[in-house]
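Here the protein sequences come in this chain order: A and B.
Counted the way numbering that gives the first Met the number 0 counts, the first sequence spans residues 0 to 468.
Counted the way numbering that gives the first Met the number 0 counts, the second sequence spans residues 0 to 190.
Glycine included, C-beta positions come from ideal geometry on N, C-alpha and C.
Take a look at the structure set out below.
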Amino acid sequence: MFESILNWIMANPYEVAALLLVPAIPLLFFNILPLLVVMERRGAAFIQDRPGPNRAGIWIPILNIRLRAFGMIYNACDFVKLAVKERFDPKFATSFGYYAAGPFIPLLVALILPAFIPMFAPIWYQSSSGSLAALAGTTISTHSGLLALFAFSSLSIYGLVLGSWASNSKFALLGGMRASAMMISYEVSIGLAAAGMFLIVGSFDLAKIAAWQGEHTWGMVAQPVGFVLFTVAMFAECNRTPFDVVEGDSELVAGFHTEYGAMRFMLVMSAEYYHVIVASALISTLFLGSYHLSPIPLPLGHDGAMVDLDDRWMRANLGGVCAFMLAVGAIGAAAFAWLIHGRRVHYNRSGASDAAMRSKEYLLYIGAIGGAAVAMAIGAFLVAGWRPQPATLVGGVPLWGGLVDVVTAVAQFHVLVGKILLVSWLFVWVRWTVPRFRYDQIMALGWKVLLNIALINLLITAIIVKLVH
Amino acid sequence: MAKVIPRPDLGVWERLYIGEIFKGLMTTFGHAAKSLTNPAHFPTLLYPEQQPDIPRDHRSRHRLMKRADGSPRCVACYMCSTACPARCINIVAEESPDKHIEKRPVRFEIDLLLCVFCGYCVEACPCDAIRMDTKLAVLVGGDRAGFVIDKKGLMDWEPKDYPASDTQSQKAPGGSLNAKALEELKSGSDH
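This is the structure we're talking about:
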């Protein structure tokens with residue numbers, strides 16, 4: 000029994016990989032969440048000219064270092080605090096069942112959403128029966144990809160409205176009502192803004208949209224108006240500033256989650272941040288070239304010929320791609336280590352009472368991150384010359400073999416994650432720049448401005464697409 | 000007459016809003032980049048580790064000056080408690096064993112919750128026995144009694160925390176029982 004399972008696994012590695020990706024992708028995305036929380040806190044602090052939360056740390060006894068990890072420890076502290084906090088069950092709730100179920104719905108919905116987003120280009124392989132098959136970069140591979148994603152993402156509003164109504168609190172109810180109104184107004188603009196991309200690509204399938212962007216150009220270039228509209232509407236969809244009237248702390252206490260505390264509050268907040276990650280992933284996939292490296296053809300072919308940096312090129316020049324990414328990583332890590340060195344020097348000079356301890360801590364960071372930078376630089380030199388050849392050619396489709404497939408998938412996933420982090424920073428950046436709109440201004444912007452521009456954009460795109468074909 | 004503040008006349012570009020948002024984004028990005036690259040840019044302090052630079056004439060918690068033999072310089076004249084507008088200084092005097100000094104405080108208490116930190120006590124003192132230059136800006140107590148500071152607490156300070164180049168010495172002469180300390184002072188072995 001056990002041996003037969005093992006044999007099947009050995010015979011069908013791609014099918015096993017596809018099975019493993021089902022839980023892996025939402026969990027990998029969940030790992031971005033603590034990073035996003037730190038980015039929000041430290042980003043907010045840096046924009047406001049203060050150091051930000053930098054106290055919580057883990058004391059390492061032998062080295063006598065308090066490891067603060069750039070504010071990461073606060074995530075663990077928050078979790079412990081919210082997990083052990085007394086659970087508040089309001090006696091005044093209209094329906095306790097609905098009240099308790101409220102926070103779960105947005106999080107569950109959010110966890111489904113990454114399943115539609117392609118993490119890497121489809122990998123072609125020969126199945127054990129000899130036929131040609133593709134391991135899709137998405138967990139749920141469907142022709143209605145984006146429509147299904149929108150359908151699921153709209154479901155999360157039910158959790159907000161249900162929870163806010165069941166809370167039996169006026170603030171929560173107002174927040175929930177605003178949430179539903181926002182969802183209705185801005186879903187229209189989201190759909191219409193993305194429709195330009197559907198028209199150009201001719202498919203709802205996100206994998207096809209991603210592949211098209213590699214072969215032609217990024218959605219940002221093909222649909223600049225659609226990109227801006229989609230991004231603005233996504234801010235509204237995620238209930239982020241300047242559209243965060245749903246939470247509206249200055250008017251509605253805490254909006255729809257006024258009556259939620261402890262772990263339920265954490266579920267609400269996790270769902271909110273997870274939605275930001277998914278929105279960033281969606282913006283990256285639709286308009287920022289998904290897992291592709293360049294929006295324009297670059298003279299990287301033979302004798303300086305212009306080539307599209309699509310999936311096929313990436314596989315054929317995998318060494319160069321990996322070397323480029325490792326070099327970017329090395330430069331980033333080296334710059335980060337240099338910044339920490341600046342902090343260390345400044346803190347030593349400031350004459351603080353714990354300067355010696357902090358100095359050691361900073362040295363540890365510089366050592367680790369600088370070491371990583373050196374390792375990445377060496378790795379870049381080692382892999383630079385690698386130009387893999389297809390192992391076999393089945394039915395005109397080149398098969399590259401396990402190693403190339405895995406390395407390409409990992410590289411493409413990292414490109415996408417890099418873009419997700421950049422767009423997430425945009426979310427944070429806008430939050431601490433633009434003040435909250437008034438509720439009627441949001442409605443006016445949604446219905447009178449965004450909708451009209453989206454419609455005109457769609458019309459022009461449709462005419463151009465019709466003329467080109 | 001009410002002052003009429005006219006609304007700023009917005010141009011087309013400003014009314015489009017999106018360009019102004021980008022301008023705002025550039026401003027915040029500038030601050031973020033500065034904060035990231037230059038830690039000296041923060042106007043804030045990491046407080047308990049980094050202490051603020053409190054000037055010498057800042058009025059904070061009081062201290063009682065000492066003679067070279069460790070006894071308080073105070074002669075229990077009640078000048079400070081008379082000058083105190085908050086009436087927070089409570090002195091109980093007794094006869095001094097030193098024949099050149101009439102009185103000395105047996106109890107010297109300051110209720111810091113009543114104190115308004117005006118510094119009149121320092122100015123009233125005829126023998127520079129009380130000062131407010133401890134730089135202890137933060138006072139912590141568990142209860143009301145914890146804020147009543149007694150003679151022991153007022154004299155609990157280290158001479159090395161204060162500059163030796165002070166206009167008046169940390170340890171002062173005074174009284175016949177202090178003769179030995181006086182000699183030491185004159186020979187310059189102690190400031």
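- I276(A) sits buried, since 16 or more C-beta atoms from the chains shown fall within 10 Å of its C-beta.
- Taking the beta carbon of H40(B) as reference, the chain A residues within 9 Å of it are D48, listed in sequence order.
- Annotation for Y364(A): the continuous alpha helix (DSSP H) segment containing it runs A354 to V382.
- Scanning its chain for C-beta atoms nearer than 8 Å, with the 5 sequence neighbours on each side dropped, one finds around L198(A) the residues L457, T460, A461 and V464, in chain order.
- With a cutoff of 8 Å on beta-carbon distance, M196(A) and L285(A) are scored as near each other.
- Looking at the DSSP output, L131(A) shares a beta bridge with Q125(A).
- Among the residues of the segment 20-31 of chain B, those with a Cβ less than 8 Å away from any Cβ of chain A are I20, G23, L24, T26, T27, F28, H30 and A31, in the order of the chain.
- Taking 8 Å as the cut-off, the Cβ atoms of P241(A) and V433(A) count as close.
- The beta carbon of L45(B) sits closer than 8 Å to some beta carbon of chain A.
- Cβ contact annotation for I339(A) (same chain, cutoff 8 Å, sequence separation greater than five): Y361, Y364, I365 and I368, in chain order.
- About 30 Å separates the Cβ atoms of G136(A) and L159(A), ruling out a contact at the 8 Å cut-off.
- In this structure the segment 69-87 of chain B lies against the segment 111-131 of chain B, because at least three pairs of beta carbons, one per stretch, are closer than 8 Å.
- In this structure V306(A) is not in contact with L317(A), their Cβ atoms being roughly 15 Å apart against a cut-off of 8 Å.
- The C-beta distance from C126(B) to V91(B) rounds to 18 Å, too long to fall under 8 Å, and the pair is not in contact.
- Where N89(B) is concerned, the enclosing beta strand (DSSP E) starts and stops at I88 to E94.
- Against chain A, the beta carbon of L35(B) has neighbours under 8 Å at F45 and L338, listed in chain order.
- In the DSSP assignment, R6(B) falls outside any alpha helix (DSSP H), carrying neither H nor E.
- In summary, the residues of the segment 44-74 of chain B whose CB is separated from some CB of chain A by less than 9 Å are L44, L45, P47, E48, Q49 and Q50, in the order they occur in the chain.
- Nearest neighbour of V396(A) by Cα position, chosen from D248(A), I122(A) and Q47(A), turns out to be I122(A).
- Ranked by Cα distance from Y272(A), the options V403(A), G394(A), G70(A) and L106(A) are led by L106(A).
- Taking 8 Å as the cut-off, the Cβ atoms of S166(A) and P89(A) count as close.
- Within the segment 339-366 of chain A, contact with chain B at the beta-carbon level (separation under 7 Å) is assigned to G341, R342, H345, S349, A351, S352 and D353.
- For D48(A), there is no enclosing beta strand (DSSP E), as DSSP marks it with neither H nor E.
- Excluding sequence positions up to five before and after R343(A), its CB lies within less than 8 Å of the CB of R357, S358, Y361, L362 and I365, all in the same chain and listed in chain order.
- Counting only the Cα atoms, V427(A) lies some 31 Å from V406(A).
- Within 7 Å of the CB of V244(A), no CB atom of chain B is found; the nearest one sits about 17 Å away.
- For T26(B), the closest of I46(A), A55(A), I31(A) and F29(A) by C-alpha to C-alpha distance is I46(A).
- Proximity to L135(B) across R62(B), F107(B) and P158(B) peaks at R62(B), based on C-alpha coordinates.
- Sequence-distant Cβ neighbours of E101(B) in its own chain, meaning closer than 7 Å and more than five residues away, are V74 and S95.
- Judged by DSSP secondary structure, I59(A) falls outside any alpha helix (DSSP H) and instead within the beta strand (DSSP E) spanning I57 to I59.
- Taking every protein chain shown into account, the CB of T230(A) has 16 or more other CB atoms within 10 angstroms, so this residue is buried.
- One finds A31 in chain B with Cβ atoms closer than 7 Å to the Cβ of G42(A), taken in chain order.
- Counting only residues of its own chain and dropping the five nearest sequence neighbours on each side, V21(A) has a CB closer than 7 Å to the CB of T138.
- A straight line joining the alpha-carbon of A43(A) with that of L24(B) spans about 13 Å.
- Taking CB atoms only, T432(A) has a neighbour in chain B less than 8 Å away.
- At a C-beta separation below 9 Å, W428(A) has these neighbours in chain B: L24, T27, F28 and A31.
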